[in-house]
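Reviewing the structure listed below.
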Amino acid sequence: MSSSTERTGGFLPIEGYAAIGDRHTAALVGGDGSVDWLCLPSFDGNFVLGRLLDADRGGFFTLAPVLAAAVERRYLPSTNVLETTWTTATGRMRVTDALTLAEEPREVRELLRRVEAVEGEVELEWRVEPRFAHTERPSRLDRRDGAVVARHDGDAVVVQSWDLGEPEIGDGAVSARVTLSAGGSGVVVLSAAPIARGALPFTTRDAAEGRLAHTERWWRGWTQARSYDGPWREAVLRSGLALALLSFAPSGAVAAAPTTGLPEAIGGPRNWDYRFSWLRDSSFAMDALLRLGDADAAHAFLGWLERAAGSPPLQPFYRLDGSSDIGQTELDISGYRGSRPVRAGNGAVSQRQLGNYGDLLQAVTLYADDGHDLGEDLAAGLARIADHVCDAWPERDSGLWELGAHRHYTTSKMLCWVALDRAGKLARERKIPGEGADRWAESGERLRSFVEERCWSEERGSYTQAADGEELDAGVLLGVFFDYPPIDDDRFDQTIDAVRGELGRGPLLYRYSGMDRREGAFLACSFWLAHALARRGRLAEAERLMDELVPLANDVGLFSEEMDPATGAMLGNFPQALTHLALVNAAVTIAERR
Numbered sequence: 002m003s004s005s006t007e008r009t010g011g012f013l014p015i016e017g018y019a020a021i022g023d024r025h026t027a028a029l030v031g032g033d034g035s036v037d038w039l040c041l042p043s044f045d046g047n048f049v050l051g052r053l054l055d056a057d058r059g060g061f062f063t064l065a066p067v068l069a070a071a072v073e074r075r076y077l078p079s080t081n082v083l084e085t086t087w088t089t090a091t092g093r094m095r096v097t098d099a100l101t102l103a104e105e106p107r108e109v110r111e112l113l114r115r116v117e118a119v120e121g122e123v124e125l126e127w128r129v130e131p132r133f134a135h136t137e138r139p140s141r142l143d144r145r146d147g148a149v150v151a152r153h154d155g156d157a158v159v160v161q162s163w164d165l166g167e168p169e170i171g172d173g174a175v176s177a178r179v180t181l182s183a184g185g186s187g188v189v190v191l192s193a194a195p196i197a198r199g200a201l202p203f204t205t206r207d208a209a210e211g212r213l214a215h216t217e218r219w220w221r222g223w224t225q226a227r228s229y230d231g232p233w234r235e236a237v238l239r240s241g242l243a244l245a246l247l248s249f250a251p252s253g254a255v256a257a258a259p260t261t262g263l264p265e266a267i268g269g270p271r272n273w274d275y276r277f278s279w280l281r282d283s284s285f286a287m288d289a290l291l292r293l294g295d296a297d298a299a300h301a302f303l304g305w306l307e308r309a310a311g312s313p314p315l316q317p318f319y320r321l322d323g324s325s326d327i328g329q330t331e332l333d334i335s336g337y338r339g340s341r342p343v344r345a346g347n348g349a350v351s352q353r354q355l356g357n358y359g360d361l362l363q364a365v366t367l368y369a370d371d372g373h374d375l376g377e378d379l380a381a382g383l384a385r386i387a388d389h390v391c392d393a394w395p396e397r398d399s400g401l402w403e404l405g406a407h408r409h410y411t412t413s414k415m416l417c418w419v420a421l422d423r424a425g426k427l428a429r430e431r432k433i434p435g436e437g438a439d440r441w442a443e444s445g446e447r448l449r450s451f452v453e454e455r456c457w458s459e460e461r462g463s464y465t466q467a468a469d470g471e472e473l474d475a476g477v478l479l480g481v482f483f484d485y486p487p488i489d490d491d492r493f494d495q496t497i498d499a500v501r502g503e504l505g506r507g508p509l510l511y512r513y514s515g516m517d518r519r520e521g522a523f524l525a526c527s528f529w530l531a532h533a534l535a536r537r538g539r540l541a542e543a544e545r546l547m548d549e550l551v552p553l554a555n556d557v558g559l560f561s562e563e564m565d566p567a568t569g570a571m572l573g574n575f576p577q578a579l580t581h582l583a584l585v586n587a588a589v590t591i592a593e594r595r
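Going by our numbering, the sequence shown opens with residue 2, and the numbers climb by one from there.
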């Protein structure tokens with residue numbers, strides 16, 4: 002086995018996982034055959050499989066050969082269905098993993114694992130140990146109608162298997178061992194449905210395998226409908242598939258990540274819950290969806306934006322269903338490799354982040370520029386938001402990076418300018434009411450003067466993180482591709498060089514000054530740098546950087562939030578939507594600029 006399938010203290014490396022999903026929730030499948038993460042019934046639900054965050058008490062669903070084996074894995078072409086091939090001294094077997102999609106909408110979540118013996122014979126073992134209520138105690142297991150039902154305080158999952166041995170129950174788990182010869186196959190599924198809706202979700206092998214076939218077809222159809230045929234095509238389409246996997250089908254929201262608690266530094270306290278949708282990501286998401294030709298997803302996402310963020314003041318993020326009631330609690334579990342606390346919910350929801358207004362107006366402008374109409378209610382709400390920005394922009398906030406210190410962050414000011422500029426554009430095009438347009442323009446000019454006078458350092462030759470400071474921040478690169486107009490056209494080139502010089506480590510960038518001592522390099526910033534270089538006409542530099550960045554994905558093409566520049570180990574929640582959004586937008590921008 003490779004290092005990505007070897008456990009340290011019971012934990013796999015973050016890059017050792019692949020994600021599967023059904024656009025309601027997602028599971029992480031380790032390279033050693035163990036599913037260590039699954040929340041039910043949705044991304045932000047309680048986890049039933051949680052060994053990702055607690056090696057001793059977290060639930061898991063493992064399936065692997067008994068003998069030592071070489072492992073190869075991939076996604077089936079153009080899908081989010083995972084295929085792992087195991088080769089032992091006696092034979093070879095193939096495992097197909099999916100969270101299945103059904104032809105008709107249903108509330109059942111179904112994790113399916115199909116095994117085929119390809120050569121010789123392989124002895125394998127599978128074991129499901131579900132835990133509820135964040136791993137507090139083992140589940141109660143009972144046999145029923147040829148299946149095993151795990152229950153805990155009104156929650157339940159059903160485990161069914163066919164041709165994979167006689168399941169045994171013990172120690173809070175159901176398990177079996179079997180030998181398959183070439184041509185033999187079997188299936189095991191873990192399924193869940195709201196008990197309040199009635200019967201438990203029992204199924205048949207034929208029905209389950211039919212849903213697996215439909216799942217493969219659905220994802221291939223999704224990919225075939227995408228329009229990108231430029232450089233780094235495989236990475237762009239894999240990123241698109243990752244984003245589609247993170248999309249919450251009932252609302253159109255895009256989850257920042259399907260996980261909570263994965264650390265920005267091993268053993269440290271920066272372990273946040275990312276199972277929500279950030280307004281910060283909204284403009285990138287809209288840009289990527291439209292550039293990939295996914296107008297339906299763009300329309301659904303706009304609907305979520307309107308429901309969640311229809312009037313000021315705005316929260317930094319919202320639940321995937323558009324609701325705003327987000328608290329934060331700490332869970333009594335060990336954390337990934339001892340990284341505590343592990344949080345459910347995110348306290349940053351109460352922060353003031355002024356840049357969100359620019360993200361929202363930019364996302365809506367992209368949607369309108371693509372030829373779509375804005376409804377009357379949304380148009381009126383956007384005008385109110387622009388009015389609010391005129392009053393709010395002089396305030397201090399927590400900034401793009403959700404910092405505790407309230408300052409005049411440069412990126413927040415630039416994005417407030419974006420909000421007012423885009424509102425003015427929409428008003429001129431008669432897409433939103435324009436009664437306040439003169440005030441928006443006047444506030445925009447005062448805002449721009451503030452940035453140029455107080456957020457630029459002659460000494461550093463760069464825009465700084467905040468007014469009257471000298472720290473650098475990769476977030477100011479956003480001004481380049483949001484068309485913020487500097488007073489001197491060379492200022493962004495100088496900023497790019499200064500940021501890269503101080504924050505860069507090889508192709509990677511830290512978020513801002515001093516972060517090299519606290520966390521990994523932030524992968525989205527690295528792709529933002531490539532994007533900014535392309536927008537500034539520095540195509541050769543942008544292409545060289547992309548050629549270095551794209552191969553840093555794990556073996557199935559996924560990125561986390563951060564990376565240790567010294568080791569290449571991934572850090573932070575995984576897979577990370579913002580990283581994949583940044584990759585798509587950088588690649589497409591370079592293709593367009595060519």
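Heads up, the beta-carbon is just placed ideally off N, CA and C, and yes, glycines get one too. None of these values were measured; they are calculated from a predicted model.
Taking the alpha carbon of residue i as the reference point, which residue from the options has its own alpha carbon closest?
| i | options | result |
| --- | --- | --- |
| residue 43 | 510, 542, 256 | 256 |
| residue 133 | 158, 126, 121 | 158 |
| residue 288 | 543, 279, 299 | 299 |
| residue 414 | 356, 335, 235, 378 | 356 |
| residue 517 | 566, 407, 535 | 566 |
| residue 362 | 224, 550, 338, 310 | 310 |
| residue 184 | 93, 452, 171 | 93 |
| residue 401 | 512, 368, 325, 345 | 512 |
| residue 489 | 510, 457, 271 | 457 |
| residue 164 | 155, 190, 139 | 190 |
| residue 20 | 74, 120, 434, 160 | 74 |
| residue 398 | 538, 407, 162 | 407 |
| residue 492 | 454, 520, 110, 182 | 454 |
| residue 37 | 12, 121, 342, 579 | 12 |
| residue 478 | 139, 156, 451, 411 | 411 |
| residue 113 | 125, 107, 99 | 99 |
Under a Cβ-count criterion, where at least 16 other Cβ atoms within 10 Å of its own Cβ denotes burial, should residue i be classed as buried or exposed?
| i | result |
| --- | --- |
| residue 515 | exposed |
| residue 3 | Note that residue 3 has pLDDT 47, beneath the 50 cutoff, so the model's placement of it is unreliable and no number is given. |
| residue 543 | buried |
| residue 576 | buried |
| residue 9 | exposed |
| residue 265 | buried |
| residue 167 | exposed |
| residue 66 | buried |
| residue 508 | buried |
| residue 23 | buried |
| residue 320 | buried |
| residue 351 | exposed |
Identify every residue that forms a DSSP beta bridge with residue i.
| i | result |
| --- | --- |
| residue 47 | 41 |
| residue 429 | Partner(s): none; residue 429 has no beta bridge. |
| residue 329 | 346 |
| residue 27 | 22 |
| residue 75 | 84 |
| residue 150 | 143, 159 |
| residue 573 | Paired residues: none, contrary to the question. |
| residue 568 | None, per the DSSP bridge assignment. |
| residue 174 | 171 |
| residue 187 | 116 |
| residue 394 | Its beta-bridge partners do not exist; DSSP assigns none. |
| residue 522 | 564 |
| residue 418 | Answer by DSSP bridge pairing: none, since residue 418 is not bridged. |
| residue 541 | Answer by DSSP bridge pairing: none, since residue 541 is not bridged. |
Are the beta-carbon atoms of residue i and residue j separated by less than 8 Å?
| i | j | result |
| --- | --- | --- |
| residue 116 | residue 228 | no |
| residue 1 | residue 472 | This structure gives no information on residue 1, because the portion of the chain shown stretches from 2 to 595. |
| residue 49 | residue 39 | yes |
| residue 216 | residue 82 | yes |
| residue 276 | residue 251 | no |
| residue 54 | residue 376 | no |
| residue 68 | residue 89 | yes |
| residue 102 | residue 219 | yes |
| residue 526 | residue 587 | no |
| residue 559 | residue 226 | no |
| residue 249 | residue 409 | no |
| residue 368 | residue 303 | yes |
Between residue i and residue j, which are expected to be in contact by the criterion C-beta below 8 Å, what is the C-beta distance as a whole number of angstroms?
| i | j | result |
| --- | --- | --- |
| residue 360 | residue 284 | 5 Å |
| residue 349 | residue 403 | 4 Å |
| residue 383 | residue 427 | 7 Å |
| residue 127 | residue 176 | 7 Å |
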